[in-house]
Amino acid sequence: MASSTKPPDLRAEKGLLRAGHALVAACDEVGRGAVGGPVSVGMVLVDATVKRPLAGVRDSKLLSPAARIAMVPKIRRWVVGYAVGHATAAEIDEFGIMAALRMAGIRAMLMLPAQPDIVLLDGNYDWLSTPVQPSLFDDLAAAQDAVCPNRRSLKVTTMIKADMKCSSVGAASILAKTERDAMMVDLAMVHPGYGWEVNKGYATAAHMDALRHLGPSTHHRQSWRLPERMPADAAGDSLIPDTGDYL
């Protein structure tokens with residue numbers, strides 16, 4: 001489709017800047033649909049000094065792993081600031097995926113060099129500023145209030161397919177994807193057998209087969225519907241190989 005191949009631009013970001021928001025944060029998440037590993041939220045800051053879209057930026061799912069990695073240093077030079085926050089599988093199990101997304105987003109905001117006037121969020125639901133269960137976030141909220149006293153009045157605007165339409169959101173997506181992928185490769189060395197270095201925690205056939213043979217690890221989302229482990233005498237020793245990178 002043409003909409004998926006048209007390069008993203010800065011129209012939305014420049015519109016927000018013209019509306020009086022001096023510092024715009026663009027935000028996207030990765031890992032929401034995985035069954036293993038964290039959910040990660042990337043944020044980048046842009047202001048009026050960012051004049052042109054960065055060539056090569058796309059939604060991370062449209063780029064090869066090598067292309068994503070090559071874009072990271074370019075993105076870091078292009079934006080005013082950047083950060084990636086994470087929420088663990090255990091936090092997803094304890095609080096739910098939407099609350100975990102907000103945790104990861106708050107953590108990313110705390111790592112930014114400055115706090116934005118508005119956040120441009122991919123999708124049609126504001127999971128960043130909407131409290132799911134405020135008591136769960138007392139410590140994080142207090143920490144963010146210390147850095148950003150006006151956090152509770154922070155404005156968030158959502159846009160469907162912003163990761164494909166907006167250069168800054170695409171950039172945030174790439175940063176989140178590359179950092180989470182690297183984490184999954186590291187975790188694969190500690191928990192071999194699940195193919196995380198290839199599937200990055202997503203529910204490929206090989207990953208599901210490994211769960212049947214090995215059972216879940218501490219980095220699996222155990223509150224999710226995972227395959228039941230096979231009895232030891234029925235599991236055998238043959239696993240389906242995982243091939244190719246899961247985007």
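The sequence shown begins at 1 in UniProt numbering and counts up one residue at a time.
Heads up, the beta-carbon is just placed ideally off N, CA and C, and yes, glycines get one too.
Sub-7 Å separation of Ala-162 and Val-169 beta-carbons = Here residue 162 is taken as the residue at index 162 of the sequence shown, counted from 1. Here residue 169 is taken as the residue at index 169 of the sequence shown, counted from 1. Yes. Within cutoff.
query = How many whole angstroms separate the CB atoms of Glu-29 and Cys-166, which I take to be in contact at a CB cut-off of 8 Å?
reply = What you label residue 29 is simply residue 29 of the sequence shown in a count that begins at 1. What you label residue 166 is simply residue 166 of the sequence shown in a count that begins at 1. Between Cys-166 and Glu-29 the Cβ distance is about 15 Å, and since that is not below 8 Å, they are no contact.
ask   = So which of Leu-16, Asp-93, Arg-221 and Ala-171 has the shortest CA-CA distance to Pro-7?
value = The count along the sequence shown starts at 1 and reaches residue 7 at position 7. When only C-alpha atoms are compared, the closest one is Ala-171.
task = Have a look at Leu-175, Ala-90 and Gly-56 and flag the residue whose alpha-carbon is nearest the alpha-carbon of Leu-45.
result = Here residue 45 corresponds to residue number 45 of the sequence shown, with the count starting at 1. Comparing Cα positions, the closest option is Leu-175.
message = So for Ala-26, helix, strand or coil by DSSP?
response = For this step, residue 26 is matched to residue 26 along the sequence shown. Strand.
inquiry  = Whole angstroms are fine: how far does the CA of Ala-188 sit from the CA of Gly-15?
reply    = Walking along the sequence shown from the start, residue 15 turns up at place 15. Walking along the sequence shown from the start, residue 188 turns up at place 188. Roughly 43 Å separates the two Cα atoms.
ask   = Do the segment 33-44 and the segment 95-104 meet, that is, are 3 or more Cβ pairs less than 8 Å apart?
value = yes
Identified DSSP bridge partners for Ser-60 = Within the sequence shown, residue 60 is the residue found at index 60, counting from 1. Its beta-bridge partners do not exist; DSSP assigns none.
query = Does DSSP put Ser-40 in a helix, in a strand, or in coil?
reply = Position 40 of the sequence shown, counted from the first residue, corresponds to residue 40. Strand at Ser-40.
ask   = Quick one: is Asp-186 buried, meaning 16 or more other Cβ sit within 10 Å of its Cβ, or exposed?
value = Position 186 of the sequence shown, counted from the start, is the residue given in the question as residue 186. Exposed, by the Cβ-count rule.
query = According to DSSP, is Met-159 helix, strand or coil?
reply = One-based indexing of the sequence shown puts residue 159 at position 159. Three-state result, Met-159: strand.
query = Can we say the segment 225-232 touches the segment 209-216, given the rule of at least three CB pairs closer than 8 Å?
reply = yes
query = Got a sec, what are the start and stop residues for the alpha helix (DSSP H) Ala-55 sits in?
reply = By one-based count along the sequence shown, residue 55 stands at place 55. No alpha helix (DSSP H) contains Ala-55, which DSSP labels as neither H nor E.
task = Using 10 angstroms around the beta-carbon of Ile-160, count the other beta-carbons present and answer buried if the total reaches 16, otherwise exposed.
result = Reading the sequence shown from its first residue, position 160 is the one you call residue 160. Looking at its Cβ environment, which holds fewer than 16 other Cβ atoms inside 10 Å, Ile-160 is exposed.
inquiry  = I need the DSSP call for Val-72, collapsed to helix, strand or coil.
reply    = As a first step, residue 72 is located in the sequence shown; it is residue number 72 there, counting from the start. In the structure shown, Val-72 sits in a helix (DSSP, three-state: H, G or I).
query = Among Asp-9, Lys-200, Asp-47 and Gly-85, which residue has its Cα nearest to the Cα of Arg-107?
reply = The residue given as residue 107 occupies position 107 in the sequence shown. Checking every option, the nearest Cα to that of Arg-107 belongs to Gly-85.
message = Let's test the definition: count the other Cβ atoms within 10 Å of the Cβ of Glu-94 and tell me whether it reaches 16, buried, or not, exposed.
response = Residue numbering aside, residue 94 sits at position 94 when the sequence shown is read from its first letter. It is exposed - the Cβ of Glu-94 has fewer than 16 other Cβ atoms within 10 Å.
ask   = What number of angstroms, rounded off, separates the C-alpha of Thr-218 from the C-alpha of His-191?
value = One-based indexing of the sequence shown puts residue 218 at position 218. One-based indexing of the sequence shown puts residue 191 at position 191. Approximately 9 Å, taken between the alpha carbons.
C-beta contact flag for Val-35 and Arg-221 at 7 Å = Against the sequence shown, residue 35 aligns to sequence position 35. Against the sequence shown, residue 221 aligns to sequence position 221. Yes, Cβ-Cβ distance for Val-35 and Arg-221 is below 7 Å.
query = Looking only at its own chain, which residues have a Cβ that is under 7 Å from the Cβ of Ala-48, when we skip the five neighbours before and after it?
reply = To locate residue 48, count along the sequence shown from 1; it is residue 48. Cβ neighbours of Ala-48 beyond the five flanking positions: Leu-17.
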